[in-house]
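Participant: Below are the structure tokens for one structure; questions will follow.
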Amino acid sequence: MHGEDYICLGFLFGDKSKVAYLSDVSRIPATTDYVISKSGAGRLDLLILDSLYKTGSNKFHLCLPQTLETVKMLCPKQALLIGMNHEFDHHQDNELLMEWSRRVMHVGICLVHGSCFTPEESKILSVKTALLIRIEWDPTKGFEDRSSSY
Numbered sequence: 528m529h530g531e532d533y534i535c536l537g538f539l540f541g542d543k544s545k546v547a548y549l550s551d552v553s554r555i556p557a558t559t560d561y562v563i564s565k566s567g568a569g570r571l572d573l574l575i576l577d578s579l580y581k582t583g584s585n586k587f588h589l590c591l592p593q594t595l596e597t598v599k600m601l602c603p604k605q606a607l608l609i610g611m612n613h614e615f616d617h618h619q620d621n622e623l624l625m626e627w628s629r630r631v632m633h634v635g636i637c638l639v640h641g642s643c644f645t646p647e648e649s650k651i652l653s654v655k656t657a658l659l660i661r662i663e664w665d666p667t668k669g670f671e672d673r674s675s676s677y
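Each residue of the sequence shown is one higher than the one before, counting from 528 in this note's numbering.
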């Protein structure tokens, strides 16, 4: 949902690897929550979710506190955060997210921005024709390519 009365589209795709893309949302309705949860579609391999502000809340967008709660609730293997405003420091906040991940739930989580990836990792994330991108995160190695053809 984008606010209280505007329904946004989210996307759940993948057969071998499950990816959910939820952008521009302020909350996730219970029916959607079930569909993308472990008990619904199975554990997500990748969750792409917005996180507009670093603190507080917003009527129309998830902010970092709500985003982290959503990540905990859905328990994906990896989470990429998008749609941040200027108050985020990508390097510093990605370090904090890695620490949060180690303490709370061992999920690869990163603010998506060109500077949060090495040049090699950026190549992995580029969109390729007829290729399913599956990103693996390891705290000691960073992101690794686990792509496979359709």
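Beta carbons: idealized from backbone N, C-alpha and C, even for Gly.
Report the three-state DSSP secondary structure of V639 (helix, strand or coil).
Facilitator: Taking the first residue of the sequence shown as 1, we reach residue 639 at position 112. Three-state result, V639: coil.
Participant: Alpha carbons only, please: which of L591, A568, E622, L571 is nearest the one belonging to S553?
Facilitator: To locate residue 553, count along the sequence shown from 1; it is residue 26. Minimum Cα distance to S553 is reached at L591.
Participant: Is it the case that the stretch 534 to 554 contacts the stretch 564 to 581, given that we only count it when at least three CB pairs across the two stretches are under 8 Å?
Facilitator: Touching, yes.
Participant: Taking the alpha-carbon of L536 as reference, which of I555, T582, M600 has the nearest alpha-carbon?
Facilitator: Residue numbering aside, residue 536 sits at position 9 when the sequence shown is read from its first letter. Nearest C-alpha to L536: I555.
Participant: Can you tell me the Cβ-Cβ gap for L638 and M611, rounded? I've got them flagged as a contact below 8 Å.
Facilitator: Your numbering for residue 638 matches position 111 in the sequence shown. Your numbering for residue 611 matches position 84 in the sequence shown. 6 Å between Cβ atoms; contact.
Participant: Would you kindly work out how many angstroms separate the C-alpha atoms of L572 and I609, rounded to a whole number?
Facilitator: Counting from one through the sequence shown, the residue named residue 572 turns up at place 45. Counting from one through the sequence shown, the residue named residue 609 turns up at place 82. For clarity, residue 572 is Asp in the given sequence; the question names Leu instead. Straight-line Cα distance between these residues: approximately 17 Å.
Participant: Can you name the start and end residues of the alpha helix (DSSP H) that Y561 belongs to?
Facilitator: To locate residue 561, count along the sequence shown from 1; it is residue 34. Element bounds for Y561: 557 to 562.
Participant: May I ask which residues mark the beginning and end of the beta strand (DSSP E) holding V631?
Facilitator: Along the sequence shown, one-based indexing puts residue 631 at 104. Taken as a continuous stretch (DSSP letters only), V631 belongs to no beta strand (DSSP E), as it is neither H nor E.
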